[in-house]
Every structure is written in structure tokens, then in C-alpha cells.
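Residue numbers (our numbering), protein chains in the order written: chain A, 1 to 233; chain B, 234 to 495; chain C, 496 to 921; chain D, 922 to 1257; chain E, 1258 to 1655.
Worksheet: the structure to be examined is printed underneath.
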Ligand SMILES: Nc1ncnc2c1ncn2[C@@H]1O[C@H](COP(=O)(O)OP(=O)(O)OP(=O)(O)O)[C@@H](O)[C@H]1O
Ligand SMILES: Nc1ncnc2c1ncn2[C@@H]1O[C@H](COP(=O)(O)OP(=O)(O)OP(=O)(O)O)[C@@H](O)[C@H]1O
Ligand SMILES: [Mg+2]
Ligand SMILES: [Mg+2]
């Protein structure tokens, strides 16, 4: 579904954070990317989503190259991204936040309604507080708003960067449940970057471990028995 | 003799109670780890100690003098230095100039040239001597972290607070920082190290403080703290999963990524 | 006294032709041999100066120069004008005067629009002993300085005030409200006004100083509405677009001109923009420095034609004065037979020439010093005593100012009555 | 020592100063050009001190012209009402400008970038309106007359007075910028909190930078307007201030020398470009020259952020260091 | 009579200082939010002295609520007015209620006009985070576009149209100019291609305004110009109020445009997109909004509003190339007062400045100078606001 080939990416001209990463995410599977702090996991997601322009290498979505397509157009191609740094529209209501997720089909009132309802079913708390300013919510609820907003578009591929950081334990279990559900029931392809390694391994189908901008390990989750491998440093 | 006393410190932002009656004491050149979940108030505590924030309640005493409410530069001159979780190099000044700022601030009558030698030595130690005349903005993230350490070394404080020194730092450089901490500690300086990197914390620290929701829930030897049920519940996670050494990596580490995203 | 003597002007109109002819005879139409005689012009051509004024003056001076050169130049040499932009800033004005004198070697300087700048320039003229003929700065202080080098053909503020104040007295105005800009012009004008009001027994109810660039005048207009008794006249000494805004709002609110209150407008009311900006401006009284259009002589008509060809409007007084100032200098040089400063100043003191604005001469000079007893105001030194200051009144919307009624002084009145009450036509 | 003095930058400096000191010999015959150049020195002082304040210390103030005016007005009013000598007046004016700078500095401790710009605009405007309106005291737009610096001062003497002020203030500012003071204010510009944590007394230096630059412009203003003989509120218009800023930016707002040279040449060329001769026709540039100036300003900002003079200054002053770094870097890379 | 004077003149400032100094400490001691305590302690001390400070001290109620700030503010305003009334007992503002009403009505009318000048600026700030120092010049440009359009129509085709026609056209032209400027000079900043973005933004907009103004001066010349008025009418008498109908129309244009802007921002998708970008650019990009386009759009709408307000005002005020100078200074005052980035704030700021200028000029003890200080009154309020509360009335913390 999503394929990355020999990707070189950096923030500065001559300094590549990712130095030749290759990976593949299969359809309707959860692929998790692990690695120590600062190895470039978030950078990888940013590069896939186009916030960073790769210096070389390929990113293919269902065989189609994504390089050069502006970020805001990617959502139309069925790929979506939940960044590590939470991003909500603080001074808008919860409902407006969710609605903005429907930006790409903003004229389809019916569909917006439906998607909103789905989200409210998924997160009943949000329904209760749909008129509140998003900035007033607790960190966990803000994360829900963000996830909910992403799901408005029915993406086929979701890039998730540490979705449960800052969430209370119970809530974070729910998020993982939701990811499983998205995979199993809606057939979404998920790339999950996470430091909650145990949780991630529980739900993942395929594992990549990065080390300083390079692939260190990859294989199905069954092969990934030695947890210490995640932290070769 | 270094002596820092934190007495029942409170700090609130609007409705959020970031520090809720924190008290502890540091004597001598201890190496202290400060851990706790995201938003527990670690950075806030640093900011209170450093004078960036004025506590809403409580007192901070340093070497027999009350320092809460003093501006940061006064506190820095009294010998308490810190690094920032999000690096804050003076980006449009050269690395060397970055290094000279604290030295000059500390020695009102000295000339810059007096400290050139020392600055170059520190840079050499940090393996950055070839970058001395570069603008700090052209350093990599890790090098900026090192530069912050370098500046602290120039400031030469008695207590050094490192906020997430390992975040975003190349493992090789991490070794350097270990070494740095070790050397400086041996010179008689105290350290407070904040990190989500459990391995480093457990390797380095002689004493652990655990913050949760602005309260100090544990204070003691690393081994003991590791087994403290309150700490496990709040931060380290359940016992059973600890066996495989996973505790060390459990910290869903949001802050350092925030920093690199910023 | 310094009041324009109507008689004199009427007479000069008659002799004007001969004088101009004399000049023609005297000037030898020989082609000058390369060299030119340079005259310096000063005036604002960029902000914060009043650019409108500077442009008009520059144009008129150039016109005069080409007219003179067409007649053969001066002393057999062509005249050359070097015009310097003073930006309305005294230090720039002083620098410009210095440049003109030392760099360009001008034999005399003329022009200037802003009194503050003029006051700085005259020091330079004094320092170098070069004659300065001010054509449009009104401040009494210009000639009060009493320098040998300084002459003026524009009215001093006090002379201007006198006309209006005397007319107010004549039509029985008891209470006056003044709205003046807080600049050299406005403040100087107001000081002079107050002197005459006191002299003539007119009560100055209130004076409002306003900042140039003010757009909204309702706060003070509302104040005026609340005055008791209602003022008989409102005297406006505000220039440029600020005056238009004020006058329009005053008229729109019906404060003045009204049946109860005479509204005066600044003399820029003769500019074509007036009606565009003050569509409600009928019945405004405004002053005009210079001859009434009915009394234009050939020179005036000539300048007016050239000016309107260029700017599509009638020449304001400062354009006519600027034109005349060049001729006065040319005449003086011719009579002095040299461009040497002392001789030139001496010749200027003896000026007697009729031009676009009438017959020019200087009453109080080194040959006829100001009396010691103070019976003659100090500003009369080297001051042309007779600049005509007329009051005109529009009585129809969009009226050409040349059709406006001349209401003061009485000798020039064109429509009988002295104040045309709004709603009536004389 | 000798070798250091033979470096291109020192040679350039000596040549530059030598030219300035010697040029009255040439300009003597043209008092006007002399006056233009003298005026340009004044603008150079304004621009370079603004570069110190805004470019180096990051305090984006629009009150510079107003402070120069405060210096001049104080001197003038004291001279008028108390009969002080110009020298006493200049001292008083400088001190008052410094005090006002002190107050602005204290009030603006919390204000950053655009807010500070807005505050200082408001300050200058209020001052200008006050000067205009209280004309009984300030002479309003008529302008306040000031005595000459001394009886019979000549243009050449005025030139040297202003040149002396320029060189003196440049030397002072250079010394400040390269001393601990410069180090501290630049670190504040980059990150106030971090500078404070490094022990820099940010309050003191932030106020100091205002005081020092205010003293400099107050002194320059008081002196310059004594030479001009008159000062008016018009000189404090935002427009005049904008010209100073534009000059500094075009020259390079982070370089004292760049800003000074930029101001000098802008001032002289604005003066000279009043009309241009093309094939015997003179074209009145009038407003166009300001329009062109604005265009130059935005293109400088967009494409040469360090100012048009940066390449030259860079060559003279920074190349050596760069070479050094590159050499060290290659060495370090070879080692690994 | 003398007691309240003494109270206000002597005791008020003392209690105000005490309140502003001590009350925050009390709040801090109790671990409560001390942010508003300084202001309210000061105002409370000034107005009611120990009678208010005492209970505040003792009960330490939550001062975050709007009525604390508002209430003490209004109380302080009332007391100042009272003090003024006592000291200036023969002032028109004290003796003549209909005069005050008249001044206030006119102040509010012009306030809407001022607000219209300023909203565009605040919109640009809210989305782009910069203050455009060229705003006044876009306003000037708008006026001229309308002027020359009407001139062209009447000279070329002999059609005389109401100047209201110029408003949308001027908006269109200034919007296009705004778009072009944004694309060429501001986008590089958003793409991170310039250093010190904040200062770059000040200077580049400033330089562009400079350029626009002098280009206009070079082309149009320094002569003043004005289109015909909206209506051929004199004044309008409403009870004791005397108003100028043309000005009411301009104010109405202002109200309509601000209402449209509020509608656009709050009720349309584009508006939501704009607001989203102003809050979080990356999150906006993730939802499919193009932040760069929104930046351009915001700048364009901002300049369009400036141009439209110019076109709306050229029938009312006379136009010269430098009209933008005062207008822009006033706009800064307004948006800072209302809170940078807040459209309702700009509206309130405009009304407040309108009122302050009208009442300041109308009530200033020395009538001859009141009008000259008109602009200064607004500027003083502005400077105080910057010092006390840089976020303004409605501003959010940055
Ligand atoms: N905006 C940036 N500019 C420059 N360097 C950056 C930037 N963001 C990240 N980096 C650097 O890139 C490297 C990789 O960062 P990245 O955020 O991808 O790490 P990560 O693997 O996601 O780590 P974490 O688990 O801590 O989130 C780090 O060294 C970081 O310092
Ligand atoms: N300046 C501030 N304004 C408002 N709230 C703040 C501020 N700084 C911190 N907080 C809040 O205080 C709490 C403690 O934050 P702090 O940054 O001290 O956490 P931390 O322990 O350093 O967390 P992390 O490990 O994520 O860095 C958080 O809820 C945070 O949102
Ligand atoms: Mg990350
Ligand atoms: Mg932290």
C-alpha cells in the first residue's frame, strides 16, 4: 500500500537525519516503527506526509509517487497524519474542530453529519462537550478531538505518531482498541510510531526498528521476540 | 558545601496546579535524577528553582540564602545553572560568543580574551572546537544540546539542572555527556537530571525524585524507588512487564519529540 | 497705515502698460554671451512641506524667467532660475539657500511658502548679504527682523487680518469663533486677528487650534453648536485638505455659513478642488490676496492663462506673487546695472514697477527708515505696503471664484450688499 | 601588532577616516555640499545608533528622531528662557534625552517587536503633537531658534564638529558592541530568558541600551540643530524616522558601519537626486525618488537582508574567521 | 463635596498602589490565580479603597470573571468622570447633557468608520501573526481607485454613479495588490526563507507602504480630491442629536462590511479555514487546508477591507496621498486596544477611540487645544493599554 524506498531526509541541506530508509506498509495492517529518541521516526512520518521534502528516495502510495504533492492535497489521496505534537484549533469549538476534518468534502452536508455522528459514537465525551472551546479540554480529550478529526475523511492510510502520549492509561487502551478496530473493520493501513512498545507490539502486524536514520530490523511481529532489539544503543 | 532547600513550593498557572507542595533538600555534590510523567511539573520545578517563575507559595533556599523571587540572572550568579528542554542557543551569535556570554556575565571585570582559552578547551572537550566560529544556528540539534552544556560549563555553577539532556542527542554524544557529568560531578558540583531515558537515569543518578501531578511521590535510592508501588503506578508501569527490562523504555516520551518538532 | 489704498491700485492699473513697455525698451534684445544671471527660487516640493504651493510657485517663476528671456534677458544675459526644494523643513530651507548662494552663485533668492522655513532662510541671506525677496511667507517676523537683505511682497499676517476684521466690524459681527491650524500660519494669523478684534471691539468667543491632517471636526463643531450666544462669524485659518474637510463639515451641519453665522473659508477656496471637496460650500466668504479678477491687468491675464493651461485652474496669489518676484528682481538688476549684492539691494529699495498684482514699491527702507516711535509696525520694513486683500463670497454652488461677489473693501464691491445671506442671490 | 594594522580592514578604516578628515579641503568652496555632508553625518549617527538599538540589541524603536528632537528642544528652550550657553544646553539636552530613554526602556521591558514599534510610534506622535500645540512654550511649527554653537562658527568647523561626533559615537558604539555589552545585548536579542539564565542582567542591559542610544542621538540632535539654527516638530514626523530606518536597513541594520555608510550615501544621494539630467533634459524626481527609495528598501530586505554593504563589510571583517573555520572543519573531518 | 475630592486625589492612588502591590501576593500565597489581581487590586483600591480591598483580601474570590475587571473599570471611569465634573463644574460636558449625547453619538458614528479601517489589519494579524505597516497606504489606494473609477465613468461615458459603487471595485483592486505583495514578499517569510521574521515583516510592509505613498504622490500629485457625496443632504436632526447623513452611510458601510467579515469568519468554510490556520498551521495542513493560500487570502481580504474603507470614506473626507498616515496610526491604536487578532475587538476598539477622541476633544478643559490633542487622546489610551495589558480587551495570550 505504502512503500518507501531508500529515503534521505534532513532539516538542513547537508545533514540527513534519515539516511536510506526503506519500508513497506501492507494494506489493512498495522506497521509499527520503533527506535530510540531522535533516531528519526517522526522525521520519517513528516517526510512521508510531505512536511519535509526528501533529498532523495521515493514514497509510493498504491504505486503512485507522493513526492512533490503539497501536503494539503494528500488528504484527498486517502492518507492522513496525526502528528506527535498535538495540533488542535484551540479557540474553536469541539464540533468546529471535527468539522474542519471534513475540509475536503466541505460541501457534502449529509456526509459531514454522518461522520460527526460516527465520531460522537466513538467518543461520547466529545458529544457532551461539543460546544466547548477545544483549548479548554484536557490533554486527553484534545487528543481524541484530533483523532476524531482525522477520521472524518475516511483515510485509507493513517500515519500515527505516539497517539497515546499524555493519555491516561485507560484512554490509551481505548485508542489501541480503536486502531485495531480501524484496521479490522474499516481496512485501514496504519503506520504507528510509538514509545509504548509493549502496547504497540501487541497490536502490530509488522515491525521496523530504526537506528540513527537507518533500518536496523524489520520483520513480522512474530519474529520480533527480543524486546531489547528495540533499544540497540 | 552546596545546600539547596526546596520548602513546600507551589506553582499554578491559571487553574492548573503544576507544583503542589514540593519539598526536598540537596546536600553536597549529589547526582539526582528527576523523573515523572509528562506534565508532572519537572520543567516547572526547574523554572522555579532558576527564577524564571516565581512560586505561588513556598520558599527556595540556596547556600543559606532565600532565592525564590530573585530574577534568573541573580540566581545564575549565585551558582545555579540549567539547560533548557527545548534548546535555546543564541542562534545568530557564534558558538564561541555563546560560550563567552555566561563567563562575561559572571566576571564583571574580565575581558573576553581572558576566557577564549577556556572556551576553546570546553569546545574541544565537547568535540566542537572546529565549530567555534560558526553561527550557533548552523549546529545540529544534538550539537545545540552540547552547546548548552558548554555554556553551563563556562558559567561553572554549583548546582546544574539538566532538562532532558539526552533528548535528540546522538548516542555517541550521549557518552560524551555521561563523561561530562561524571567529570564535573567529581569536581564537586551537584546535578539534577531530568530525563525520560530510564537507562541513563538509572545509570547516572545516586538519588531519584519522582514527581506526579506536581507532587513529590518518591525520593530515595534508585533501586528503592524502582520498587515503590506509587511510582510504578504513576510512571514506571506494572511490575510484571518490568522483568523484560521494558521499564527502561516505557517512557512515552513526548517532550523531546515536541522539541524536535518545534 | 498699511491698509491697501484702493486708489493707488486703480491708478496703477492705468499706468501698468507704460511701465511694462518701459521695461521692454530698456532691455536690450542682444543675445547674451553664454553667461547667465542666476536667481534662486525656494519652496516646498515634497512633504512635509505644502507641495501644492511649491509647485505653483515654481511654475510661475519659470514662466517669468522665460518671459524675461524672451524679451532679451537681463543686462544682456539670459536669466536662469534654480529652484530648490525646501521640503517645508527649516534646516532643509537653510541648506538650500546656502547651496543656491554658494554653489549656484545666485544673485538673489525669492519665493518660499512656509514662514518657519523663510525665517531660517533669511538668516542665510543675511549671513551672505544676498537679497531675499519673499513672495508668500506671511509671518510678521519675516520683515520684523529688519535685515537689509530681506524684502517681502506678500501681505504680512497682520495686513491680512485687518481686512477680515474690518469687514466683520462693518457688517456688525459681535462674536467670532476662530478655527486655526496650529502652524506658523494659523497661529500667526490668529495673533494678528486677535489684535484687530480687540481694536475693533469684536468679541473673540473661542479659538480652536487644530492639527493639520485632522479629518473629523465634529467634536469642535459640536462645541460651537453649544455656544451661547450663537457666533456671528466663524473665522477659518486652516489650509489644504484639512480646511476642506472642516469647511464641508461645518456647512453640512448648517453651522456656517448660515443665516446666523458668517462662514469664512481659507483662501485655498479658490482652488478648483474646493467644490469637489466642499460641495456645500456656497456662501463661504474667503479672502483673496491680489486684484479682483475684474481688475486683472494684461500681465495678470497672461499669467492666469499660462497657469490654467498647466494646472487647469486659476493662479492662486502665491503663483502671481512668485511671477512678479522674478520680474522685480530682474528690474532691480537692470537698474543696478550689476548683480553685486549691495547695489542690488539698493536698487530693490527703489523698486517701483507694476506687475500682475499691482504697483510694487517699498515704503520703509534705509532711505526712509521706520519711525522710532513705533507708530508704524516693525513688519513694514521692506514690506510692500499695498498688497490687495479682498474678501469674496460665493453665492451659488460650484461657482467660479471669478464670479463670486467681491464684498470687501467697499470700493471693489460687485454685488452691492455686504453679506449675502444663505439662500439669497444678490 | 604591525601586521594586525596592515590587515585590509584597518587600512580601509584609515583611508575612510582620512578621506573624511581631509575632504573639507575640497568641499570648502562649496558650503552647500559641506552642509549636505555635515547633515549626512547627523543621519549617519542616527542610523548607526538605531542599528545598535534595533539591529544588534533587537529593540525595534521608532522614537529615535523624537529623542534627537528632545535633545535639541531642551537645549533651545534652556537657551531661550535661562540664557544658557549652547554647550550647557547640549549637555542638558543630552541628559534629558537619556532620561527619556531610561523611562522608555523601563516602560518597554515587557514589550516585544511590533508592540515596541507601536509604542514608540505613539510616543513620538504624542510628543510631536504636544510640541505643536503648546506653541506658547515651544514655538510650535514656527520652530525653535537655537544659537550657533559659538559666535562666528564656520562651515568647516561645523563639519568637523559633526564628524567628530560621528567618529566619537561610532568608536563608542564599536567599543560597546565588541565588549561584554555587545555580547549581552545580542544574547538578549536572541533569547532573553536564556540570557538571563546565563547570568545576564537583562533588565539592566535592556534599559542601558535605550539610555546609551538616547544619549547619543540626544547629543547629536542638540548639536546638529544648534548648527542648523532651528528645530521644528516636523522633524519628528514618522516619515523622517522612517527615512532613518530605511537608510539603516539599506546599509545593513546589524552593522554599525554599514548603517552609517548607508545613511550617509542615502542622504547625500537623496539630496543630489532632486533632479537628474538625461540628455540635457532635467527630470524633476520629486516624489519619485522616495518611491524608488521605498522600492530599494523592500528589495534590499527581500534579497539582501544584511544590507547592500554587507558583502564589502563581510569581506573586510569576516573573511579571516571564515577561512579559519573551514580549515579547522576539514581538519576535524579528516580525523574522523 | 471636598471629601470625595480629597478621597480621590489623595487616598485613591495610595490604595490603588497598595492594592496593585499587595493583592497579587495574597492571591499567590493562597495558591490562586494571581494574573488579574494586580489590575483589579489597583482599580479596586482606586475606587473604593479599603472597602473593596478588605473583602478581596479576606475572601479572595475568583477574579478571572469578567465582571470583576469590568465592574471595577466602570466604577473607576465613573469616579474619574465625577472628579472631572467637580473640578470642571462649568465645563459643557458637565452642564449640558444633550451636548454630551451629541458628542457621544458622533464619536460612535466615526467609531464604526474607524473600526472598518482597522478590521483588515486585525484579520491579517490573526492569521499571519504580523502587523502590516502598509495598511494605511492600502486605505489610501482604495480611495483613489474609487475616485478614478468614478471620474473615468463620468468623463468617458458620462455616467454619474453613486460613490458606493466604488467600494467593491476598490476592494477588488486593493485585494489584487495585496495578493501580489503577499506572494512576492511575505510568502518567503512563511516558508522560513528569511531570518528574523518578525522584524522582516515590520520592515517589508513598512517599505511597501512607503513605496505606495510616494508612488501615489508622484502620480496623483499633492492636490486634494474627493468623490461626490452619497447624498445631497445637510444635517439630520434626531431629537437633540445633529448628525451628518453621509457619515452615517459610511458608518453603515462599515457595519455591513464588519458583519460580512464576521459572517465569513464564523459561518463559512473559508472563514473556518482562515481561523484554523491562525491557530495551528500544521494541524490545518493535515486536515487538507493549504496554509499558504490562507495566508495570502487573509492578507488579500485585509487589504481589501482597507481599500473598501478608503472607498467608503472618500465621499466623506478629502483625499490626499498621505491620508494613510493618520489612518494607519489610528488603526494600530484600535487593534491593540481591542486585542490583536480579534475582529470584535477591532470593532470595540474603533468605538472606544471614536468616543475618546470626541469626548476628549469635546471636554478637554482648554477648549482651544482640545481638538489639536484629538489624536493624542487616542494615542495616550493606547500607550497605557500597551503598558498595562498588551493583549488588549479581547486579545488572547499569544
Ligand atoms: N525542525 C527540526 N530542525 C532541525 N533538526 C530537527 C528538527 N526536528 C527534528 N530534528 C532533528 O532530527 C532528528 C530526528 O528527529 P525526530 O523528531 O525524527 O526523532 P524521533 O525519532 O521522532 O524521536 P522521538 O522518539 O524523540 O520523537 C533529531 O536529532 C532532531 O534533533
Ligand atoms: N507557562 C505555562 N502556562 C500554563 N501552564 C503551564 C505552563 N508551563 C507549564 N504549564 C503546565 O504545568 C504542568 C506541568 O508542566 P511541566 O512543563 O512542568 O511538565 P514536565 O514535568 O516538564 O513534563 P514533560 O516531561 O512533558 O516535560 C502542565 O500541565 C503544563 O501544561
Ligand atoms: Mg518523534
Ligand atoms: Mg518538561
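Ideal Cβ placement from N, Cα and C applies to all residues, glycine included.
Quiz item: Does the beta carbon of residue 1486/E come closer than 8 Å to any beta carbon on chain C?
Solution: Yes, residue 1486/E lies at the interface with chain C (some Cβ there is under 8 Å from its Cβ).
Self-check item: Three-state secondary structure (DSSP) of residue 480/C
Solution: Only positions 496 to 921 of chain C appear in this structure, which leaves residue 480/C out of reach.
Practice problem: Note down the Cα distance separating residue 628/C from residue 648/C, rounded to an integer number of angstroms. | Solution: 7 Å
Practice problem: Select from the segment 63-75 of chain A all residues with a C-beta closer than 9 Å to any C-beta belonging to chain E, and list them in chain order. | Solution: 70, 71, 72, 73, 74 and 75
Self-check item: Cβ of residue 769/C within 8 Å of any chain D Cβ
Solution: no
Quiz item: Run through DSSP, which three-state label would residue 473/B get?
Solution: No answer about residue 473/B holds up, because its pLDDT of 40 lies below 50 and its placement is not dependable.
Quiz prompt | Opening and closing residue of the beta strand (DSSP E) in which residue 294/B lies | solution = Secondary structure note for residue 294/B: its beta strand (DSSP E) is the uninterrupted segment 290-295.
Quiz item: Listing by chain order, which chain C residues have their CB less than 8 Å from the CB of residue 1482/E?
Solution: 768, 771 and 772
Practice problem: State the Cα-Cα distance for the pair residue 727/C and residue 669/C, rounded to the nearest angstrom. | Solution: 6 Å
Practice problem: Evaluate residue 241/B with the Cβ neighbour count: other Cβ atoms within 10 Å of its Cβ, from every protein chain shown; 16 or more gives buried, anything less gives exposed. | Solution: exposed
Self-check item: Sheet register partners of residue 781/C (DSSP bridge)
Solution: Paired residue(s): 760/C and 887/C.
Quiz prompt | Partners in chain D for residue 1582/E, counting only beta-carbon separations shorter than 8 Å | solution = 1159 and 1160
Self-check item: Close beta carbons around residue 948/D, own chain, < 6 Å, minus the five adjacent residues each side
Solution: In its chain, beyond the 5 residues on either side, 954 and 955 have a beta carbon closer than 6 Å to the beta carbon of residue 948/D.
Quiz item: In chain order, what residues of the segment 1106-1119 of chain D put their CB closer than 7 Å to some CB of chain B?
Solution: Going along the segment 1106-1119 of chain D in chain order, one finds 1107, 1108, 1111, 1112, 1114, 1115, 1116, 1117, 1118 and 1119 with a Cβ nearer than 7 Å to chain B.
Quiz prompt | Whole-Å CB distance - residue 790/C paired with residue 812/C, under 8 Å assumed | solution = The pair is not a contact, with the Cβ atoms about 14 Å apart (cut-off 8 Å).
Practice problem: Just mark residue 905/C as buried or exposed, buried being the case when its beta carbon has 16 or more other beta carbons within 10 Å. | Solution: exposed
Practice problem: Could you have a look at residue 572/C and say whether DSSP puts it in helix, strand or coil? | Solution: strand
Quiz item: If you count every other CB in all the chains shown that lies within 10 Å of the CB of residue 496/C, and 16 or more means buried, which is it?
Solution: Bear in mind that the predicted position of residue 496/C carries a pLDDT of just 32, short of 50, making it unreliable; the figure below should be weighed with that in mind. Its Cβ having fewer than 16 others within 10 Å, residue 496/C is exposed.
Self-check item: CB contact below 8 Å: residue 732/C versus chain D
Solution: The beta carbon of residue 732/C does not come within 8 Å of any beta carbon belonging to chain D, so the residue lies off that interface.
Quiz item: Can you tell me whether DSSP reads residue 538/C as helix, strand or coil?
Solution: Residue state, collapsed to three classes: strand.
Practice problem: Select from 587/C, 847/C and 642/C the residue whose C-alpha is nearest the C-alpha of residue 957/D. | Solution: Comparing Cα-Cα distances from residue 957/D to each of 587/C, 847/C and 642/C, the minimum goes to 587/C.
Exercise. Say whether chain C places a C-beta atom closer than 8 Å to the C-beta of residue 951/D.
Key: Among the CB atoms of chain C, one or more fall inside 8 Å of the CB of residue 951/D.
Quiz prompt | Any alpha helix (DSSP H) of 4 or more consecutive residues that is wholly inside the segment 304-378 of chain B | solution = 305-311, 328-339 and 345-358
Practice problem: Below 8 Å CB to CB, which residues in the same chain sit around residue 920/C once its five sequence neighbours on both sides are set aside? | Solution: 890 and 891
Practice problem: Starting from residue 1053/D, find everything on chain C with Cβ-Cβ shorter than 8 Å and list it in chain order. | Solution: 677, 678 and 706
Quiz item: If residue 115/A and residue 152/A are in contact, beta carbons under 8 Å, what's the gap, nearest whole angstrom?
Solution: 5 Å
Quiz prompt | Cβ shell of residue 474/C (< 7 Å), same chain only, five flanking positions each side left out | solution = Nothing about residue 474/C can be read from this structure; chain C reaches only from 496 to 921.
Practice problem: Spell out a yes or no on whether the segment 1633-1652 of chain E and the segment 1408-1420 of chain E are touching, meaning 3 or more CB-CB pairs, one atom from each, closer than 8 Å. | Solution: No, they do not touch.
Self-check item: Sequence-distant residues of its chain with Cβ nearer than 8 Å to residue 1586/E (five each side left out)
Solution: 1393, 1632 and 1636
Quiz item: Is the shortest distance between the beta-carbon of residue 957/D and the beta-carbons of chain C less than 8 Å?
Solution: yes
Quiz item: So which residues of chain A does residue 1571/E contact, with C-beta pairs closer than 7 Å?
Solution: Here the premise fails: no neighbours, minimum Cβ distance about 36 Å.
Quiz item: What is the DSSP secondary structure of residue 520/C, counted as helix, strand or coil?
Solution: Note that residue 520/C has pLDDT 35, beneath the 50 cutoff, so the model's placement of it is unreliable and the number below is only indicative. Helix, per DSSP.
Quiz item: Run through DSSP, which three-state label would residue 215/A get?
Solution: strand
Quiz item: If you compare alpha carbons, which of 134/A, 144/A, 198/A and 78/A is closest to residue 124/A?
Solution: 144/A
Exercise. Give me the Cβ distance between residue 131/A and residue 58/A, rounded to the nearest whole Å; I'm assuming they're in contact under 8 Å.
Key: Contact flag wrong, Cβ pair sits at about 45 Å.
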